[in-house]
Each structure stands twice: as structure tokens, then as C-alpha cells.
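K.L.:
Just so you know, the sequence shown maps onto residues 40 to 349 in our numbering.
Take this structure, written in C-alpha cells, and hold onto it; I'll ask about it next.
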Amino acid sequence: MNNLPKIALGAWAWGNDGTFGGDLTADSLRPVFDKAMECGLNLWDTAYAYGMGTSEKVLAGFLKGRAREGYFVSDKFTPQCANGRETAMADMIEMQLELMELDRFDVYWIHNVWNAPHWTEELAKYYEGRDNVPMLGVSNHNLAEIKEANEILKAHGLKLSAVQNHYSLINRSSEESGILDYCKENGIIFFSYMVLEQGALSGKYDTFHPMPASSDRAATYNPVLGKLEVLNAALKKLADKYGVGTAQIPVAWAIAKGTLPIIGVTKVSHVEDAAKAASVTLTDEEVSELERIADSLGINAIRFWEKEMK
Ligand SMILES: NC(=O)c1ccc[n+]([C@@H]2O[C@H](COP(=O)([O-])OP(=O)(O)OC[C@H]3O[C@@H](n4cnc5c(N)ncnc54)[C@H](OP(=O)(O)O)[C@@H]3O)[C@@H](O)[C@H]2O)c1
40 MNNLPKIALG AWAWGNDGTF GGDLTADSLR PVFDKAMECG LNLWDTAYAY GMGTSEKVLA
100 GFLKGRAREG YFVSDKFTPQ CANGRETAMA DMIEMQLELM ELDRFDVYWI HNVWNAPHWT
160 EELAKYYEGR DNVPMLGVSN HNLAEIKEAN EILKAHGLKL SAVQNHYSLI NRSSEESGIL
220 DYCKENGIIF FSYMVLEQGA LSGKYDTFHP MPASSDRAAT YNPVLGKLEV LNAALKKLAD
280 KYGVGTAQIP VAWAIAKGTL PIIGVTKVSH VEDAAKAASV TLTDEEVSEL ERIADSLGIN
340 AIRFWEKEMK
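Here you go:
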């Protein structure tokens with residue numbers, strides 16, 4: 040599948056599960072979806088875990104009636120959401136397809152490493168010999184776990200096509216641990232999630248304008264907003280040079296690193312910004328300088344569901 044856009048859009052916040060704060064509705068999100076499709080941003084990342092089907096249902100409502108070849112759906116098997124039956128993998132995939140009124144996914148992921156070899160095996164058994172096999176991927180896996188998943192899939196005549204990990208200026212452990220290189224060498228697309236650190240690298244938040252109180256992201260980022268102001272100032276300087284907004288620069292950085300960023304969008308302006316980010320090409324010096332500044336801050340951006348990708 041080589042016609043994917045340069046940027047995917049993420050619908051975690053659409054699940055309204057308390058991570059982001061605020062209350063999104065299908066009515067408020069409809070213009071966001073429409074603008075994205077108008078801009079050619081037609082690759083949507085979701086999961087059943089994002090509000091227990093809420094994000095998928097909202098997305099499905101928007102996709103309804105559109106030509107199937109006009110969009111891509113990236114969905115996930117979250118081990119913690121599986122029922123306890125022997126048919127848990129088939130049950131989950133088929134329940135999600137029904138929920139989304141689809142006959143296939145374009146990308147399908149094992150969401151995390153909880154009992155992952157077992158679930159990857161189940162995934163392989165489910166898709167072996169079928170038509171319409173999606174690109175198969177693993178998320179939140181370290182290098183050894185990624186290689187293991189690839190071997191499991193290969194044994195069933197399938198292949199690992201995608202990896203999805205947290206990757207941003209303040210969390211480059213997927214690069215340092217060799218995952219990015221392994222993906223490049225093996226024709227695997229690396230999807231970077233949380234490139235904007237849930238808005239903390241968008242220039243919108245600082246010590247005077249913290250994230251919405253009582254949201255999960257506020258607990259993580261509000262204590263380090265002072266440090267992040269240094270990085271956001273460097274991002275703004277580049278944004279001014281390229282005539283874009285601060286939030287476009289981390290996205291352009293992720294593209295410059297050869298990855299496919301997934302940007303969480305809840306407003307029309309987020310989509311417009313994401314579309315513009317694809318046209319910014321940072322120089323090698325600019326990439327290095329941003330990384331030098333980010334590294335000097337010494338921020339640990341690993342979240343509660345993640346681990347360091349050693
Ligand atoms: N596989 C996994 O385990 C995993 C984990 C995390 C995420 N993901 C995927 O990756 C996607 C992206 O992650 P995320 O949504 O958590 O974080 P993100 O993309 O780093 O941040 C998204 C947030 O940043 C703000 N934002 C976005 N564009 C902006 C712009 N142009 N200007 C200013 N602010 C902007 C918005 O929040 P405000 O406007 O409210 O500030 C938005 O909700 C998710 O939706 C999901 O699909 C996957």
C-alpha cells in the first residue's frame with residue numbers, strides 16, 4: 040500500500056475517555072473530518088480502546104457513504120479489551136468491523152505487548168489465507184519484540200508492515216534503540232505517535248496557559264511546561280522562518296526522520312496545520328539543532344502505558 044498520505048490523523052481524543060479533557064461530539068468533529076478529507080488526509084487511526092468503541096463509531100458515522108477506496112482505516116486489537124474466549128481475536132476484529140460498518144481494515148495493530156506473541160500468533164492465524172489482509176503492525180513494541188512479531192507473521196506467510204510507537208523530539212528511544220533503522224531496512228513503515236506530545240509541543244501551552252486541569256495530559260506535561268518553553272521557542276523560530284505555526288515543525292521533523300506521524304486532531308485548524316506541515320522540509324542542521332535543544336532539557340516523556348525502547 041504505497042499511496043498512504045505523509046500524515047495520518049489520530050482519533051484517540053474522539054473517544055472522550057478523560058485523557059484530553061473537554062467533551063467532543065460528532066457534531067463538533069464533523070467539520071474536522073470534512074476538512075481533512077478535503078486536504079487529502081484520509082488515513083485515520085483509531086482503536087476500540089479509545090472510549091470503548093466511541094472513537095470508532097464517530098469515525099464510522101463520517102465514513103459512511105464514502106467510496107471505500109477514498110480512505111484508509113487503521114484500527115487496533117487491544118489485548119486488555121479481549122474477551123476470555125478462544126475466539127477472542129476473531130471476535131474482536133469482527134465486532135470492530137461491524138461497529139465501523141466495514142468489510143476490511145487497511146492497517147491493523149497489536150496495540151501493546153501484553154501477552155503479545157500469543158496475540159500476534161492469533162492475528163496471523165486469523166488472516167492466513169484470507170483476502171483483504173490489512174497491513175499488519177505492532178505498537179509499543181521494542182526491537183526484540185518487533186523482530187519476534189515479524190517471525191511469527193512470516194511463519195504464516197504474512198509480514199510485519201508497520202510499527203507504531205511514541206516518537207517525538209523529547210522521546211527518541213525508538214531511534215536510539217535501532218527500531219527506526221530496522222524498519223527502514225525491512226520495508227516497514229514507522230508510524231510516530233504523539234509527535235506533538237498531546238499539544239505540549241504545539242506552542243499553545245506554557246506556564247501561564249497550562250493544559251486543562253484534571254486531564255491525564257495535564258498531570259504529565261504541566262509540571263514540565265517551564266522546560267518545554269525553551270523547545271517551543273526554538274520551534275516558533277523555525278515556524279516563523281517557514282511561515283507556518285509552531286505545531287507544524289514537530290510534524291515536519293517527524294517526516295524528515297523518515298516516519299509517518301499520526302497527529303491527533305480535534306479542530307479544523309489542527310487539520311489545516313497538519314496539511315501544511317507536509318510541505319515544510321527542514322534542513323539536517325535544523326533537525327540536529329532541535330534535537331540538541333530537546334535533549335538538553337532532560338525530560339522523561341514516557342507515559343504510563345509505555346516503556347523505554349531498549
Ligand atoms: N498506539 C498507541 O499506543 C498510541 C498512543 C497514543 C497515541 N496514539 C495515536 O496517535 C494519535 C496522536 O496522539 P495524541 O492525539 O495522543 O497526541 P498528539 O498528536 O501529540 O497531540 C494531539 C493534540 O495536540 C493538539 N494539537 C493538534 N494539532 C495542533 C495544532 N496544529 N496546533 C495546536 N495544537 C494542536 C490538540 O489538543 P488541544 O487543542 O486540546 O491542545 C490535539 O488533541 C492518537 O490520536 C492515536 O491515534 C497511539
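Where is the CB? At the ideal position from N, CA and C, for every residue including glycine.
On a predicted model such as this, the values are computed, not experimentally measured, just so you know.
Is the beta carbon of VAL97 within less than 7 Å of some heavy atom of ligand 1?
P.N.:
Flag unset: Cβ of VAL97 not near ligand 1.
K.L.:
Whose CA, out of ILE149, ALA75, GLU345, lies closest to the CA of MET128?
P.N.:
Closest by alpha carbon: ILE149.
K.L.:
Identify which residue in ASN181, LEU329, LEU162, GLY303 has its Cα closest to the Cα of LEU270.
P.N.:
LEU329
K.L.:
Does the structure place the segment 68-84 close enough to the segment 40-54 that three or more beta carbon pairs sit under 8 Å?
P.N.:
yes
K.L.:
Starting from the C-beta of VAL172, find all residues in its chain whose C-beta is less than 6 Å away, skip the five residues before and the five after it, and write them out in chain order.
P.N.:
TYR166
K.L.:
So is ASP312 buried or exposed if we call it buried at 16+ other beta carbons inside 10 Å?
P.N.:
buried
K.L.:
How should GLN237 be labelled, buried or exposed, when 16 other C-beta atoms within 10 angstroms of its C-beta is the threshold for buried?
P.N.:
buried
K.L.:
Compute the minimum distance between the beta carbon of ILE301 and the heavy atoms of ligand 1, and state whether it is under 7 Å.
P.N.:
yes
K.L.:
Suppose the cutoff is 8 Å on Cβ atoms and the five residues either side in sequence are ignored; what does the same chain contact list for ASN225 look like?
P.N.:
These residues qualify, in order along the chain: ASN189, LEU199.
K.L.:
Within this structure, are the beta carbons of VAL202 and ILE185 separated by less than 8 Å?
P.N.:
yes
K.L.:
Should THR64 be labelled buried (16 or more other beta-carbon atoms within 10 Å of its own) or exposed?
P.N.:
exposed
K.L.:
Rounded to whole angstroms, what's the CA-CA distance from LEU162 to MET139? Just pull it up for me.
P.N.:
19 Å
K.L.:
Would you say the beta carbon of MET134 comes nearer than 7 Å to a heavy atom of ligand 3?
P.N.:
Ligand 3 is absent from the structure shown, which contains only ligand 1.
K.L.:
What does DSSP give as the partner residues of GLY49 in its beta bridges?
P.N.:
ASP84, GLY303
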